[in-house]
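S.K.: Be aware that the sequence shown starts at 1080, since it is given in our numbering, and climbs by one per residue.
Even for Gly, the Cβ is constructed at its ideal location relative to N, Cα and C.
I have a structure I would like to understand better, so I am pasting it below and will then ask my questions one at a time.
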Amino acid sequence: MSESGRIALVDEPAPTPGTGQVLVRVRASSLNARDLFMLDGRYPVPPGRVPLSDAAGVVDAVGPGVTRFEVGDRVLNSFHATWFGGPQRKPGPAYHTDIDGWLAEYVVIDQQGLVSMPEHLDFTEGATLPCAAVTAWSAVEGAGPGDAVLVQGSGGVSLFALQLARAAGARVIATTSSEKKAARLLELGASDVINYVSTPDWGAEVRKLTDGQGADVIVEVGGAGTIAQSIAAVAYRGVISLVGHVAYDTTGMNLLDFTYSGATLRAIGGGSRSDLEDMNRVITAHKLRPVIDRVFPFEQAPAAASYMESGAHFGKVVISH
Ligand SMILES: NC(=O)c1ccc[n+]([C@@H]2O[C@H](COP(=O)([O-])OP(=O)(O)OC[C@H]3O[C@@H](n4cnc5c(N)ncnc54)[C@H](OP(=O)(O)O)[C@@H]3O)[C@@H](O)[C@H]2O)c1
């Protein structure tokens, strides 16, 4: 995406909340890989749609019939505006593609689409939770003491997966392309870090590090380009949580190897509002703090997207409103 980007600043009157709706004064929003795909045209988006799926802010006004929140409450949005809990039967409207997102000063939204923000977090931290953190929460589900979790790379989802898996008592092995980022991953609690560039056969390394057992849960953010190594790394009857596709340009998986692995491949699609609330309770209990790389002012949103696209970030790229 060019520095000028496809983001245009537009002045509009502040909206008024209707029945059951809340007016949120947005204080911070955060970027995810999906936003870059939409901004550079890889995902089609209708013209004029407000970008970004993740934000935190303050309730500025409430419409008639609102019971979940009061003026002054600190809130963040659920990534899925209409998936509140239980199994998701069909995809609902998504921010930025189907409905306006959160790169705005004020947003009106149904009260059901919001949750309270963990008290120990500030707005920049709260704004990182709806997409990446809940996705990580879903991806490491089931991991606990005695389990080994493998996280790929040091992007937003993977760092939350590392923190949440550690909080659940699991051991975490991480991969990265950078020695500098490796040191940060160890500081965050990874027991071991493998450089996936200098050790392309990192699946065997994971097996060595786990006495031949392999990783019980793998947070697969690479997709086709990394799945073969994940199959080599996964424990017998382990789980590969398919989250992303940042390494999409290679050969993909060998289904015979996958069959022999006995593993389960589960596709992750963020999480529900109830997942977000469950995760927030754990974040609060463990006083976890999201890893933020850099905060850009609202007016520099296009520069924030370009920065994230450069891949230099370690953790979340945030916009302060
Ligand atoms: N399914 C869902 O619900 C869901 C939700 C959120 C995100 N996603 C997807 O998940 C992926 C990650 O999202 P994100 O927001 O965390 O992105 P991000 O913050 O941009 O992270 C990208 C990171 O991926 C790592 N990476 C790149 N190539 C790699 C490879 N070959 N092997 C291992 N790691 C590699 C890099 O880590 P190093 O710099 O350390 O090498 C890079 O920093 C994206 O594809 C996104 O679309 C899916």
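Using the beta-carbon count (16 or more within 10 Å), is A1093 buried or exposed?
M.R.: Counting Cβ neighbours within 10 Å, A1093 comes out exposed, since fewer than 16 surround it.
S.K.: Which value, in whole angstroms, describes the spacing of the CA atoms of A1326 and T1146?
M.R.: Each residue's alpha carbon lies about 45 Å from the other.
S.K.: Answer yes or no: the CB of A1160 versus the heavy atoms of ligand 1, is any distance below 8 Å?
M.R.: Result no, Cβ not under 8 Å from ligand 1.
S.K.: Distance, Cα to Cα, T1098 vs R1286?
M.R.: Using only the alpha carbons, I get a separation of about 56 Å.
S.K.: Under the three-state reduction of DSSP, which class applies to L1131: helix, strand or coil?
M.R.: Residue state, collapsed to three classes: coil.
S.K.: Pull up the CB-CB distance for P1209 and L1243, whole angstroms please, since I reckon it's below 8 Å.
M.R.: Contact doesn't hold; Cβ gap of about 15 Å is too wide.
S.K.: Within a Cβ cutoff of 6 Å, which residues of the same chain sit near S1109, ignoring the five residues on either side of it in sequence?
M.R.: The answer, listed in chain order, is D1133, A1206, T1207, K1395 and V1397.
S.K.: For a test of the three-state rule: what should DSSP assign to L1118, helix, strand or coil?
M.R.: Correct three-state label for L1118: helix.
S.K.: Does the distance between the C-beta of M1387 and the nearest non-hydrogen atom of ligand 1 fall short of 8 Å?
M.R.: M1387: yes, Cβ under 8 Å from ligand 1.
S.K.: Name the DSSP beta bridge partners of H1159, please?
M.R.: DSSP lists A1173 as partners of H1159.
S.K.: Under three-state DSSP, which class holds A1383?
M.R.: Correct three-state label for A1383: helix.
S.K.: Run through the segment 1277-1331 for me and flag every whole beta strand (DSSP E) of 3 or more residues, listed as ranges in chain order.
M.R.: Here the runs fully enclosed are 1294-1299 and 1313-1321.
S.K.: Can you find the residues in the same chain that come closer than 7 Å, C-beta to C-beta, to S1081, ignoring five residues on each side of it along the sequence?
M.R.: With a pLDDT of 34 at S1081, under the threshold of 50, the modelled position of this residue cannot be trusted, and the question is left open.
S.K.: Using DSSP with H/G/I as helix, E/B as strand and the rest coil, what is S1257?
M.R.: Of the three classes helix, strand and coil, the one that applies to S1257 here is coil, per DSSP.
S.K.: Rounded to whole angstroms, what is the Cα-Cα separation between A1253 and G1232?
M.R.: Looking at the two C-alpha atoms, the distance is approximately 7 Å.
S.K.: Can you find the residues in the same chain that come closer than 6 Å, C-beta to C-beta, to N1359, ignoring five residues on each side of it along the sequence?
M.R.: Only P1197 meet the Cβ criterion.
S.K.: Would you call the segment 1186-1203 and the segment 1221-1240 in contact, with 3 or more CB pairs under 8 Å?
M.R.: No contact exists between the segment 1186-1203 and the segment 1221-1240.
S.K.: In this structure, does DSSP put T1203 in helix, strand or coil?
M.R.: Helix at T1203.
S.K.: Can you confirm whether the segment 1136-1150 touches the segment 1110-1122 when touching is taken to mean that 3 or more C-beta pairs between the two stretches lie within less than 8 Å?
M.R.: Segments in contact, no.
S.K.: Just how far apart, CA to CA, sit I1347 and G1221?
M.R.: Cα-Cα distance, rounded: 14 Å.
S.K.: As a quick exercise: from R1373, D1177 and E1149, pick the residue whose alpha carbon is nearest that of Q1100.
M.R.: Comparing Cα positions, the closest option is E1149.
S.K.: What residue range does the alpha helix (DSSP H) around F1393 cover?
M.R.: Taken as a continuous stretch (DSSP letters only), F1393 belongs to no alpha helix (DSSP H), as it is neither H nor E.
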